[in-house]
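In what follows, a structure is listed as structure tokens, so that the remarks can point back to it.
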Amino acid sequence: MPKILVTRRTFSEAAEALRASGAEVVIWDGEDAPSHQDLIDAVADVDGLYAHITNQVNDEVMDAAPNLKVISEFGVGYDNIDVNAANERGIAVCNTPGILSESTADEAFALLASMARRTYGLPAMVKRGEWGDFDPLGLLASDIHHKTLGIVGMGNIGSEMAKRAAGFNMNVLYYNRNRRDEEFGATYVDSLEEILERSDFVSLHNPLTPETTNMMSIDQFKLMKKSAILINTTRGPVVDQDALYEALVAGEIAGAALDVTVPEPIPADHPLLTLDNCLIMPHVASATYDTRMKMAMMCVENVLAGIAGDWPPYCVNETYISCTARLKA
Ligand code: DGY
Numbered sequence: 036m037p038k039i040l041v042t043r044r045t046f047s048e049a050a051e052a053l054r055a056s057g058a059e060v061v062i063w064d065g066e067d068a069p070s071h072q073d074l075i076d077a078v079a080d081v082d083g084l085y086a087h088i089t090n091q092v093n094d095e096v097m098d099a100a101p102n103l104k105v106i107s108e109f110g111v112g113y114d115n116i117d118v119n120a121a122n123e124r125g126i127a128v129c130n131t132p133g134i135l136s137e138s139t140a141d142e143a144f145a146l147l148a149s150m151a152r153r154t155y156g157l158p159a160m161v162k163r164g165e166w167g168d169f170d171p172l173g174l175l176a177s178d179i180h181h182k183t184l185g186i187v188g189m190g191n192i193g194s195e196m197a198k199r200a201a202g203f204n205m206n207v208l209y210y211n212r213n214r215r216d217e218e219f220g221a222t223y224v225d226s227l228e229e230i231l232e233r234s235d236f237v238s239l240h241n242p243l244t245p246e247t248t249n250m251m252s253i254d255q256f257k258l259m260k261k262s263a264i265l266i267n268t269t270r271g272p273v274v275d276q277d278a279l280y281e282a283l284v285a286g287e288i289a290g291a292a293l294d295v296t297v298p299e300p301i302p303a304d305h306p307l308l309t310l311d312n313c314l315i316m317p318h319v320a321s322a323t324y325d326t327r328m329k330m331a332m333m334c335v336e337n338v339l340a341g342i343a344g345d346w347p348p349y350c351v352n353e354t355y356i357s358c359t360a361r362l363k364a
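Just add 35 to wherever you are in the sequence shown, counting from 1, and you've got this note's numbering.
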């Protein structure tokens, strides 16, 4: 009987679908994610791994799992999985693309609006009893309409962000490795530098790779408008947080809203948390009931296909041949 390990709690519907396949299903029931060593110990006889961002699935984990055929990530980003190591071992790696794009863009746009119109910050001032007399020059916010949004990374989520911005009458620029045919009213610019210089809001939607690690650092913040706001809903390491702190304190940029940080969770005494112009959310862009349910069921589809020896529907490996050979073995 094949065995599947699910590394965090999941929806009962997903657990039932996994069990209905006849596989033995083990669901990690700890309050916290398994430690790296816990994961290594738990995968010894596992055929399918239903994984989460909370664990690095590297060569050590794969070496400890000689039967492993498929790693099914709960999420679109799979930077926690060493895909090269999986390729070398013929292990399929899968993710959950598409279905979380709209929820993620909803949150990114909500962060943009909250920073622009100060719905972040001002309610706390009201609660403190600090709402003074009406002041024509006080508490001024930034418009959203007719401002320029720069989208870095025009994949599914970036495109959804462009659609939302169009509804708010924003001018939208995008920078992407490849120019997209369908631009959703957005104008392509051919350098990160240009998009940073021209945008009032910069929203990051590119994946985390070695090339995009610390993509936003001192030099990039200096290029941005002093009134600009940075939105990051992709992965924490894309932003150099020390440089961001300096930029926010020095007024190089006006504000930042982050759904993702380094590390996660961010420690309560982190310097960024002392700043009024930095809003931090606990990595929840895809966290709606409907979207998380769809992600779970997509993960199930991927892992069941993988353990059955079929090519999983949402597979990201580059080396199809070796994985297919392994899946069929
Ligand atoms: C994703 O889908 O990549 C989310 O950030 C959860 O990991």
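The C-beta atom is built at its ideal place from N, Cα and C for all residues, glycine as well. In this text, all values refer to a predicted model and were calculated from it rather than measured experimentally.
request  = Starting from the N-terminal side, write out each stretch of the beta strand (DSSP E) that is 3 residues or longer and does not extend beyond the segment 111-183.
outcome  = The qualifying runs are 127-129.
task = Quick one: grab the DSSP three-state call for Phe256.
result = Three-state DSSP puts Phe256 in a helix.
request  = Determine the direct distance from the alpha carbon of Thr154 to that of Cys313, and round the result to whole angstroms.
outcome  = Rounded to whole angstroms, Cys313 to Thr154 spans 13 Å at the Cα level.
ask   = Which first and last residues belong to the beta strand (DSSP E) in which Leu40 is found?
value = First-last of the beta strand (DSSP E) with Leu40: 38-41.
Beta bridge counterpart(s) of Cys350 as assigned by DSSP = DSSP lists Cys129 as partners of Cys350.
ask   = When we look at the beta-carbon of Ala221 and count the other beta-carbons within 10 Å, is it buried (16 or more) or exposed?
value = Buried.
request  = Please determine, among Glu165, Tyr324, Ile342, the residue with the shortest C-alpha to C-alpha distance to Ser47.
outcome  = For the set Glu165, Tyr324, Ile342, the Cα lying nearest the Cα of Ser47 is the one of Tyr324.
ask   = Which word fits His180, buried or exposed, when buried means at least 16 other C-beta atoms lie within 10 angstroms of its C-beta?
value = Under the 10 Å beta carbon count, His180 is surrounded by fewer than 16 other beta carbons and is classified as exposed.
heavy atom of ligand 2 below 7 Å from Ser321 C-beta = Absence of ligand 2 from the depicted structure is noted, with ligand 1 being the only ligands included.
ask   = Looking at the C-beta of Asp80, does it have a partner C-beta in chain C at a distance below 8 Å?
value = Absent from the structure is chain C; it holds one protein chain and no more.
One or two residues paired with Ser107 in a DSSP bridge = Its beta-bridge partners are Tyr85, Cys129.
query = Would the beta-carbon of Thr269 fall within 8 Å of that of Pro300?
reply = No; because the gap between Cβ atoms is not below 8 Å, this pair is not in contact.
message = When you compare the segment 115-131 with the segment 305-320, are there three or more beta-carbon pairs, one atom per stretch, that lie closer than 8 Å?
response = In short, these stretches do not touch, since the Cβ pair count stays below three.
ask   = Secondary structure at Met328, three-state DSSP: helix, strand or coil?
value = Met328 carries a helical assignment under DSSP once its states are collapsed to helix, strand and coil.
query = From this set, Arg214, Val187, Asp235, which residue's C-alpha is nearest Asn206's C-alpha?
reply = The shortest C-alpha separation from Asn206 is found at Asp235.
inquiry  = Quick check on the burial criterion: 16 or more other C-beta atoms within 10 angstroms. Buried or exposed for Met36?
reply    = Per the 10 Å Cβ criterion, exposed.
inquiry  = Ile39 and Ile342 - do their beta-carbons sit closer together than 8 Å?
reply    = Yes, these two residues count as a Cβ contact at 8 Å.
task = Would you mind working out which of Asn191, Arg44, Asn213, Lys104 sits nearest Asp80, comparing C-alpha positions?
result = For the set Asn191, Arg44, Asn213, Lys104, the Cα lying nearest the Cα of Asp80 is the one of Lys104.
inquiry  = Looking at the strands, I want to know which residues DSSP matches up with Ser238.
reply    = In the DSSP output, where bridge partners are listed per residue, Ser238 has Ile186, Ile266.
task = Decide if Asn102 is buried, meaning its Cβ has at least 16 other Cβ atoms within 10 Å, or exposed.
result = Asn102 should be labelled exposed.
inquiry  = Ignoring anything shorter than 3 residues, give me the beta strand (DSSP E) runs that lie fully in the segment 194-237, in order along the chain.
reply    = Scanning the segment 194-237 for uninterrupted beta strand (DSSP E) segments of 3 residues or longer gives 206-210, listed from N- to C-terminal end.
task = Within the same chain, show all residues whose beta-carbon is closer than 6 Å to that of Ser194, passing over the 5 residues directly before and after it, in chain order.
result = Spatial neighbours of Ser194 in its own chain (CB-CB distance under 6 Å, excluding positions within 5 residues in sequence) are listed in chain order as Phe219.
task = Please check the pair Ala121 and Asn352, which I expect to be a contact at CB under 8 Å, by giving their CB distance rounded to whole angstroms.
result = By a beta-carbon distance limit of 8 Å, Ala121 contacts Asn352. Their separation comes to about 7 Å.
ask   = Where does the unbroken beta strand (DSSP E) through Glu59 begin, and where does it stop?
value = For Glu59, the enclosing beta strand (DSSP E) covers residues 59-62.
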